[in-house]
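Shown next, in structure tokens, is the structure this report addresses.
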Amino acid sequence: MTRLKYLLCIIPTAIAIFFAIPPHRGSLYPDDFCSLTVYARDGTILREVLSRDYKTSVWVPIEEISPWLIRTTIVREDKRFSIHPGIDIFALLRALYDNIRNQKIMSGGSTITMQVAKMALNFSRRNIFTKFIEIIYALKIDIHLSKKEIIEIYLNRAPYGNQIYGAEAASRFYFHKPASQLSLSESCVLAIIPRAPSRLNPCRYPEKVEAEKRTILDRFVQQKLVDSLGFELAMKESPDLIRKPVNFRAPHFVDFILQEIEKHNLNNISQIVTSINSKLQEDLEKLGYTTLASLERYHVNQAALIVMDVETGEILAMVGSKDYFDAHAGQVNGCLALRQPGSSIKPFLYALALTEGIPASYILPDTLLEFRLADGTLFAPRNYGNRFHGPTRLREALGSSFNVPAVYLVEKLGVQRFYNFLKEVGFESLDKDISFYGLSLSLGAAEASLLEMTNAFRTFVLKGKYCKPEPLLKMFDKHGHEVVFHHKEEKTVFSQEVAYVITHILSDNASRIKAFGEDNPLNLPFPCAAKTGTSKDFRDNWCIGFTKDYVVGVWVGNFEGSPMQGVSGISGAAPLFRDIMIELYRNQYPADFEKPSPLVQVKICAQSGRLASNTCTRVIEEIFIPGTEPAETCDINHENDDRECVKRAINDIEIIHPSHGDIFKLDPQVSYSSQAIRFKVDVNAEIDEIIFKLDGEDLCKKTYPFEYVWSAEPGEHVLEVVILIDGREKTDKVSFTVY
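Each residue of the sequence shown is one higher than the last, beginning at 1 in the UniProt record's numbering.
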């Protein structure tokens, strides 16, 4: 009984003491709101961010906030604010009833005071217990603070979307005016946002905001806070939302910086000097927008660009999307998004091959090959355009981006070895087991970000050394003291000789002629190495390349993953890459890449990859890492080479599939209409179209790549193709049988 009396005495005393002690002032009025200004390298302000959480926020006294905003906020959030003791029993009971009836959380019944308590306590988790604590703390706040003080705290800390906290910052962001000058209509717009900042973003969902605005004004009329004329005027007033605030440059890059600051818990930073070149950034934003306008008809809606300084790793420009302020995914940063890089990953596979002692003259197969996957199924890779080129030197296989040699090579070297190699050059996004990727890792099926890819390509110019990007130059705290935030680390991934050979291949226009022709966008008037990539179904275009000074990465596609209409890396991303490089070297062309002295240059047969003999008709010079140059002389019989060239010169057109006398057997279990034969033609003349004839009847006309898929029919057939050169017909004809 004595214990019970003790408890009956101590509990009320503890409660009385709790409510007698004022709430912690620092939690209600944070005194470490620190102004953060982000600068470009030339001192241009990129963005002003205010608050310790790097959310825009400016604290002002209640006297500097429009009375209209105070009233609209109370009407919207807490109609009994002036009379309840911090909690609204009726609102809580209504919320409880609604939640039980709908069997899910519909509302919380929070008052403005309870929301202030929530801001002060800042619980990391939300549950019934934390809700109860907030209710108790709200009662405590209401005891010690006036209603005026409570509404002041709320209006200075409420979330208003777009990383904006507080009425003053919101007013300046959305309307470019102080909160004291807000009209009734503008106040309605701001009062609506805090309940659901993303769903009720006035820039993205104006129709939702307009509907909520009418609800508030209806309540104003009911409470006689405004007459019918004021209601009509407020409804007719359409606030001019200024979506792009002053000092809001390089938005994707600044968002990236703020994320990095938050990730490394760098608090109380007042100034950040970044690596961004403000003039280059502005020029590339315009260039990207212009390029996308020319690609719209091919269903290309987005692009992302990065320019980095090779030596320092400083990010000089970063464009994450076509328009940051576009309501449709404009704030997605395409430089950080994970996408499939396609063939742009191949230089690292070939760098691994060179590291393992395989030279650039090595002959790789580019024929129809089948590879057995881990699950037992067969995989037959195809090249872009479905053409094979036979035995191909490693240099041409990489330069022309042939797929079969890449898959052959990764099987030879080992997927695990290649996976580890990619990790070494910074591909942190490879977070799955190698069995998930398999042989397709060589074709860029694994996802990577444009920033990862671009920085990895730096390794080739840095002579095999890998270093992380450097987006920041300096940081200062609120006392003006410089904050040391990084230590430059580098590691050697492969030799400078390997780096140079890959660079030499990627800058050799002759090595990519088979796939892209001589006059392609990567054929620049100065030394520049580059590689394109296209993911499956034309969903992603890449072009990444470098000079001695800069490395540039370009991605083109659609954020939602929808395919483009036949746009490959060479036709989508490469022209934009070229324009950026031309812009970078508008005044002076770059120096050539520095060749390491140990490399040797040897004359080889272009056909066999061996040392050239006196009978070789195509002799080229190839560079080798010492010890990898060929030891054997070419022994191929080249007597028929000239005869074949003459034949091809005379025969301007040749059917290459089917061959004369071919016999095709149809599967009786499958409909004939579902079984087809592909007609392929090799044309050695500049023409626009060819005519296919079958059994003497015109079949169709086709442009490049001069192919036609024919639904097979049983019987003996004669295929004829016709072209017109200078008014004269040139033809080729083959016979084949289908049964």
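Positions of the beta carbon are idealized from the N, C-alpha and C atoms, including for glycine.
Residue burial classification, residue i (beta-carbon count within 10 angstroms, cutoff 16)
i: residue 368; result: exposed
i: residue 406; result: buried
i: residue 529; result: buried
i: residue 748; result: It is not possible to answer for residue 748, since the shown part of the chain is limited to 1 through 739.
i: residue 132; result: exposed
i: residue 96; result: exposed
i: residue 335; result: buried
i: residue 194; result: buried
i: residue 163; result: buried
i: residue 281; result: buried
i: residue 524; result: buried
i: residue 150; result: buried
i: residue 362; result: buried
i: residue 464; result: buried
i: residue 395; result: buried
i: residue 146; result: exposed
i: residue 704; result: exposed
i: residue 102; result: exposed
i: residue 168; result: buried
i: residue 214; result: exposed
Same chain only: Cβ atoms within 7 Å of residue i, ignoring 5 sequence neighbours per side
i: residue 712; result: 664, 666, 672, 675, 676, 677, 738
i: residue 85; result: 139, 142
i: residue 441; result: 410, 415, 418, 419
i: residue 42; result: 278
i: residue 824; result: The first residue shown for the chain is 1 and the last is 739, placing residue 824 beyond what the model contains.
i: residue 209; result: 189, 192, 200, 202
i: residue 422; result: 348, 430
i: residue 93; result: none
i: residue 372; result: 378
i: residue 130; result: 123
i: residue 450; result: 304, 306, 334, 335, 553, 555
Cβ neighbours of residue i in the same chain (closer than 6 Å, five flanking residues each side left out)
i: residue 299; result: 564, 565
i: residue 460; result: 499, 502, 503
i: residue 271; result: 37, 476
i: residue 76; result: 191, 216
i: residue 185; result: 234, 237, 239
i: residue 113; result: 86, 138, 141, 142, 150
i: residue 521; result: 574, 575, 578
i: residue 446; result: 430, 437
i: residue 490; result: 465, 467
Through-space distance from residue j to residue i, alpha-carbon basis
i: residue 91; j: residue 79; result: 10 Å
i: residue 292; j: residue 302; result: 7 Å
i: residue 635; j: residue 390; result: 18 Å
i: residue 592; j: residue 399; result: 19 Å
i: residue 17; j: residue 485; result: 45 Å
i: residue 232; j: residue 73; result: 20 Å
i: residue 47; j: residue 268; result: 16 Å
i: residue 343; j: residue 595; result: 26 Å
i: residue 493; j: residue 537; result: 33 Å
i: residue 345; j: residue 188; result: 52 Å
i: residue 212; j: residue 199; result: 12 Å
i: residue 347; j: residue 624; result: 17 Å
i: residue 153; j: residue 99; result: 29 Å
i: residue 126; j: residue 157; result: 19 Å
i: residue 544; j: residue 576; result: 11 Å
i: residue 117; j: residue 472; result: 37 Å
i: residue 338; j: residue 284; result: 22 Å
i: residue 241; j: residue 252; result: 21 Å
Cβ distance (whole Å) where residue i is taken to contact residue j below 8 Å
i: residue 698; j: residue 718; result: So it is not a contact: roughly 13 Å between Cβ atoms.
i: residue 721; j: residue 690; result: 5 Å
i: residue 137; j: residue 23; result: 7 Å
i: residue 654; j: residue 732; result: 5 Å
Contacting residues, own chain, Cβ-Cβ under 8 Å from residue i (five flanking each side not counted)
i: residue 266; result: 475, 483, 485
i: residue 366; result: 383, 388, 389, 390, 391, 392, 397, 402, 404, 405
i: residue 264; result: 485
i: residue 656; result: 680, 681, 682
ask   = Do the segment 464-482 and the segment 305-322 meet, that is, are 3 or more Cβ pairs less than 8 Å apart?
value = yes
request  = Would you be able to state if there are at least three C-beta pairs under 8 Å between the segment 353-367 and the segment 490-498?
outcome  = yes
message = Quick test of the definition: if touching needs 3 or more C-beta pairs under 8 Å, does the segment 501-521 touch the segment 475-492?
response = The count of Cβ pairs closer than 8 Å, one atom from the segment 501-521 and one from the segment 475-492, stays below three, leaving the stretches out of contact.
query = Between the segment 589-609 and the segment 322-329, do at least 3 Cβ pairs fall closer than 8 Å?
reply = no
request  = Indicate whether the contact test is met: 3 or more Cβ pairs, each with one atom in the segment 227-235 and one in the segment 244-259, closer than 8 Å.
outcome  = no
ask   = Would you say the segment 546-559 touches the segment 611-626, given that touching needs at least three Cβ pairs under 8 Å?
value = Segment contact: the segment 546-559 against the segment 611-626, fewer than three CB-CB distances shorter than 8 Å; contact not assigned.
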